[in-house]
Amino acid sequence: MDSYPPVEAHGLIGDLQTAALVATDGTLDWFCAPRFDSPSLFGGLLDRHKGGYFRVSPEGVEYVSKQLYLPGTPILITRFLSADGVGELIDFMPVAGERPTDRHRLVRMLRVVRGVMRFRLECEPRFNYGRDPHELDMYLEGQVFRSHAYSFRISSVQYPESRIAERPVQRTEEGGLRVIFAMREGEQSGVVMETGAAPDRPRLYSPGEVSDMLVQTRDFWKQWMGRSRYTGRWREMVERSAMTLKLMTYAPTGAVIAAPTAGLPEQIGGRRNWDYRYTWIRDASFSVHALLSLGFTDEASQYRRWVDDRIRDAEESGVPLQIMYRVDGSPELDEEVLHHLEGYRGSAPVRVGNGAARQLQLDIYGEALDALQYADSHGLMSSHQEWRNTVRMVDWLCEHWDQPEEGIWEARSERQNYTFGRLMSWVALDRAVRLADERGRPGDTSRWANTRNQIYEQIMDRGFHPGRRAFVQHYGTDVLDAALLAMPAVGFVAPTDPVWQSTLAAIEAELVSDSLVYRYDPAASPDGLPGRENTFTMCTFWYVRALAQSGRLDEATLVFDKMLTYSSPLGLYSEEIAPTGEQTGNFPQAFSHLSLISAAVTLDQLLDARR
Numbered sequence: 001m002d003s004y005p006p007v008e009a010h011g012l013i014g015d016l017q018t019a020a021l022v023a024t025d026g027t028l029d030w031f032c033a034p035r036f037d038s039p040s041l042f043g044g045l046l047d048r049h050k051g052g053y054f055r056v057s058p059e060g061v062e063y064v065s066k067q068l069y070l071p072g073t074p075i076l077i078t079r080f081l082s083a084d085g086v087g088e089l090i091d092f093m094p095v096a097g098e099r100p101t102d103r104h105r106l107v108r109m110l111r112v113v114r115g116v117m118r119f120r121l122e123c124e125p126r127f128n129y130g131r132d133p134h135e136l137d138m139y140l141e142g143q144v145f146r147s148h149a150y151s152f153r154i155s156s157v158q159y160p161e162s163r164i165a166e167r168p169v170q171r172t173e174e175g176g177l178r179v180i181f182a183m184r185e186g187e188q189s190g191v192v193m194e195t196g197a198a199p200d201r202p203r204l205y206s207p208g209e210v211s212d213m214l215v216q217t218r219d220f221w222k223q224w225m226g227r228s229r230y231t232g233r234w235r236e237m238v239e240r241s242a243m244t245l246k247l248m249t250y251a252p253t254g255a256v257i258a259a260p261t262a263g264l265p266e267q268i269g270g271r272r273n274w275d276y277r278y279t280w281i282r283d284a285s286f287s288v289h290a291l292l293s294l295g296f297t298d299e300a301s302q303y304r305r306w307v308d309d310r311i312r313d314a315e316e317s318g319v320p321l322q323i324m325y326r327v328d329g330s331p332e333l334d335e336e337v338l339h340h341l342e343g344y345r346g347s348a349p350v351r352v353g354n355g356a357a358r359q360l361q362l363d364i365y366g367e368a369l370d371a372l373q374y375a376d377s378h379g380l381m382s383s384h385q386e387w388r389n390t391v392r393m394v395d396w397l398c399e400h401w402d403q404p405e406e407g408i409w410e411a412r413s414e415r416q417n418y419t420f421g422r423l424m425s426w427v428a429l430d431r432a433v434r435l436a437d438e439r440g441r442p443g444d445t446s447r448w449a450n451t452r453n454q455i456y457e458q459i460m461d462r463g464f465h466p467g468r469r470a471f472v473q474h475y476g477t478d479v480l481d482a483a484l485l486a487m488p489a490v491g492f493v494a495p496t497d498p499v500w501q502s503t504l505a506a507i508e509a510e511l512v513s514d515s516l517v518y519r520y521d522p523a524a525s526p527d528g529l530p531g532r533e534n535t536f537t538m539c540t541f542w543y544v545r546a547l548a549q550s551g552r553l554d555e556a557t558l559v560f561d562k563m564l565t566y567s568s569p570l571g572l573y574s575e576e577i578a579p580t581g582e583q584t585g586n587f588p589q590a591f592s593h594l595s596l597i598s599a600a601v602t603l604d605q606l607l608d609a610r611r
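Start counting the sequence shown at 1; every next residue gets the next number (my numbering).
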């Protein structure tokens with residue numbers, strides 16, 4: 001299993017419709033097309049032998065590698081350093097546009113900046129998660145890989161300087177290709193990979209064409225990042241997080257996926273291996289707060305339209321919202337196990353699709369309404385039809401809030417009366433009343449307010465455990481839950497309230513480990529799955545915000561700065577952090593980067609106010 005690189009030893013590139021991961025050794029080991037949630041063409045991250053990969057790396061020499069992004073962009077530079085030479089591999093994807101397309105381009109440019117270096121290029125695709133056979137056609141200009149359902153081409157870039165291949169391009173036994181070649185200082189090489197509707201036969205690209213694609217990609221991202229209004233203390237990390245969220249946005253619909261990967265384990269060797277290539281209502285709602293706080297209003301406006309479309313689509317289902325959808329808005333996410341893949345470092349089963357899609361999670365209504373109210377406060381008002389759809393959703397919640405559910409952590413066990421679900425139901429009704437009153441919109445605000453007040457009293461009566469002197473995970477238990485760190489942030493309790501201060505103290509004593517925060521204790525609150533939990537990155541950033549709002553600014557700043565040391569060298573975060581400090585779970589994770597932005601913005605505001 002040593003052949004698997006650490007999760008955090010990857011860079012993310014993308015074109016706003018799909019994305020790829022490139023490891024520090026130059027191996028592209030995750031790429032799905034034509035969309036984020038499509039089957040993989042390269043899935044070596046989940047099986048080094050059967051998943052497929054596209055590698056460009058030094059050959060026959062000891063080297064070290066470093067990765068960085070071209071500043072202000074997601075253009076990835078992988079540097080190979082040896083005693084004899086230094087090479088640079090530049091990977092990027094030109095932006096695909098806002099219309100769905102099968103055509104996606106991935107450019108791999110190689111140059112030697114010092115000395116001499118030999119390289120090996122290997123392309124071993126495995127279509128449909130390694131389940132579909134393919135054919136390889138070879139031409140002078142490049143190669144074409146075809147399965148019965150999909151195809152892609154690799155075209156060469158014709159640089160004027162010569163490069164001498166030690167042997168010609170070889171066809172491998174598995175239907176891939178391999179070539180070894182040497183390059184000297186100043187020489188360049190490169191290939192353009194194209195999927196879908198490009199011409200069947202590859203063609204030679206000129207250096208000028210590739211240079212134009214690089215400049216256009218660079219300029220797009222610099223112009224987009226130029227819209228950020230953030231000038232706070234952690235600008236580099238905040239802007240990298242914003243760019244990562246943009247990379248995980250499906251441009252045709254504005255849907256933000258939870259992560260571009262599937263099946264990466266929360267615990268090495270464990271069974272908590274989920275597919276996150278979909279759009280959760282919760283994640284998308286949190287993105288409104290994060291992106292609007294930085295000045296990105298277009299993305300927030302797209303989200304509002306996307307949520308309204310989902311409410312309208314669900315009118316006949318009896319439930320206003322499903323907890324997650326595919327990037328095009330479709331609700332079908334049937335879960336299956338890919339038994340032929342061994343999983344990352346042997347962590348089977350590998351799952352695609354997500355069976356939690358049909359769960360009842362009441363908190364999503366609070367997150368959706370909170371996002372709509374926050375967008376409204378920034379001038380993004382709902383249309384008449386959007387408001388009517390919102391009213392129907394709020395009226396449904398008035399009827400259905402008081403029932404057991406699966407909760408924010410998507411337990412696959414018995415439903416419970418989760419305190420966080422009740423909390424966010426309170427938020428939904430509170431924000432709906434505010435929107436109606438502030439904008440003079442019609443709605444049964446008297447009923448909404450009465451229901452909101454009932455929820456408040458129920459949480460105080462049943463959600464607070466007198467023996468623990470803390471709010472607990474669900475009624476009838478004494479188990480703590482880090483999701484409740486959001487209570488002061490949403491305005492349910494004052495951060496100085498004794499019931500909150502004692503809750504925070506209990507969470508610190510039981511769920512915080514050297515500043516890192518566990519979601520809950522699965523041993524004390526079985527969730528239907530074996531295995532233990534690692535610390536949850538989002539919860540740690542929520543802890544930072546809770547400390548700051550409680551007036552403990554110096555502690556909050558220290559915890560935040562500690563947390564930054566756990567990022568990857570490129571500033572990326574997965575879902576969880578193991579006791580060893582390595583990142584686990586799907587990578588990179590929207591939750592983690594959304595909460596980083598929110599924590600940084602809150603800290604900046606409170607530190608400025610104190611000063």
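Note that CB positions come from ideal geometry on N, CA and C, so glycine has one too.
- Query: Under 8 Å between the Cβ atoms of R415 and Q458?
  - Reply: no
- Message: Tell me the DSSP secondary structure of R545 in three-state form.
- Response: helix
- Message: Could you give the first and the last residue of the continuous beta strand (DSSP E) run that contains P265?
- Response: A262 to P265
- What is the DSSP secondary structure of D37, reduced to helix, strand or coil? coil
- Query: Taking DSSP as the reference, what is the three-state secondary structure of V499?
  - Reply: helix
- Message: As a quick exercise: from A284, K562 and R462, pick the residue whose alpha carbon is nearest that of L372.
- Response: A284
- Quick one, which of Y230, D328, P442 and E367 has its alpha-carbon nearest S383's? In this structure, P442 is the residue among Y230, D328, P442 and E367 with its C-alpha nearest to the C-alpha of S383.
- Query: With respect to the beta strand (DSSP E) encompassing F119, which residues constitute its N-terminal and C-terminal limits?
  - Reply: Looking at the DSSP string, the run of the beta strand (DSSP E) that includes F119 is R105 to E124.
- Can you grab the Cα-Cα spacing for the pair P588 / P498, in whole Å? In this structure, the alpha-carbon of P588 lies about 37 Å from that of P498.
- Report yes if the C-beta distance between M93 and I13 is below 8 Å; otherwise report no. yes
- Query: For the stretch 445–519, which segments carrying the alpha helix (DSSP H) assignment without a break, of at least 4 residues, lie completely within its bounds, in sequence order?
  - Reply: 445–458 and 498–511
- Contact set for S425: own chain, Cβ-Cβ below 8 Å, skip 5 residues either direction: L362, D363, Y365, G366, L397, W401 and I455
- Task: Tell me whether Q302 sits in a helix, a strand or coil according to DSSP, three-state version.
- Result: helix
- Task: Below 8 Å on the Cβ atoms is my guess for L606 versus Y543; work out the distance and round it to an integer in Å.
- Result: Going by Cβ atoms, the distance from L606 to Y543 rounds to 15 Å, so no, they are not a contact pair.
- Delimiting residues of the beta strand (DSSP E) encompassing W221: From DSSP, W221 is part of no beta strand (DSSP E) but of the alpha helix (DSSP H) over P207 to M225.
- Query: Taking Cβ positions, are M117 and G85 nearer each other than 8 Å?
  - Reply: yes
- Contact the stretch 221–235 vs the stretch 301–312: 3+ CB pairs below 8 Å: No, the stretch 221–235 does not touch the stretch 301–312.
- Look at E410 and A356 and say whether their C-beta atoms are less than 8 Å apart. yes
- May I have the straight-line CA-CA distance separating I164 from F181, to the nearest angstrom? For I164, the predicted structure reports a pLDDT of 48, less than 50, and the residue's modelled location is therefore unreliable. The matter cannot be settled from this model.
- Inspect the CB distances between the stretch 72–87 and the stretch 39–50 and report whether three or more fall short of 8 Å. no
- Under the three-state DSSP convention, the category T557 falls into: helix
- Query: Taking three-plus beta-carbon pairs below 8 Å as touching, is the stretch 135–150 in contact with the stretch 243–250?
  - Reply: Segments in contact, no.
- Query: Of all the options D478, M243, R272 and G581, which has the alpha carbon lying nearest to the alpha carbon of S513?
  - Reply: G581
- Task: Measure how close the beta-carbons of S413 and G270 come, nearest whole angstrom, since I'm counting them as under 8 Å.
- Result: Actually they are not in contact, since the Cβ atoms of S413 and G270 sit about 16 Å apart, beyond 8 Å.
- Item | Beta-carbon proximity list for D521, same chain, < 8 Å, skipping 5 on both sides | V479, L480, E510, L511 and E533
- Message: Excluding the 5 residues flanking T27 on each side, which residues of the same chain have their C-beta closer than 6 Å to its C-beta?
- Response: Taken in chain order, the residues that qualify are Y53 and R55.
- Message: Check whether chain B comes within 8 Å of Q473, counting only Cβ atoms and requiring the distance to be less than that.
- Response: Protein chain content of the structure displayed is limited to a single chain, and chain B is not contained in it.
- S598 to L572 span [Cα, whole Å]: S598 and L572 have their C-alpha atoms roughly 16 Å apart.
- Item | Continuous beta strand (DSSP E) stretch holding L341: start and end | Careful: L341 lies outside any beta strand (DSSP E) and carries neither H nor E.
- Query: If you check the beta carbons only, do A470 and W448 fall under 8 Å apart?
  - Reply: Against a cut-off of 8 Å, the Cβ pair of W448 and A470 comes out as no contact.
- Message: What does the alpha-carbon distance come out to for the pair E194 and P207?
- Response: In this structure, the CA atom of E194 is about 17 Å from the CA atom of P207.
- Query: Whose C-beta lies closer than 8 Å to the C-beta of G87 among residues of the same chain, with five residues either side of it excluded?
  - Reply: Contacts found: P58, R79, F80, L110, R111, V112, V113, M117, F119 and M183.
- Tell me, please, which residues DSSP counts as bridged to R184. V116
- Would you kindly work out how many angstroms separate the C-alpha atoms of V490 and S293, rounded to a whole number? 16 Å
- According to the Cβ coordinates, are G72 and M213 closer than 8 Å? no
- Answer with buried or exposed for V210, where buried requires no fewer than 16 other C-beta atoms within 10 angstroms of its C-beta. buried
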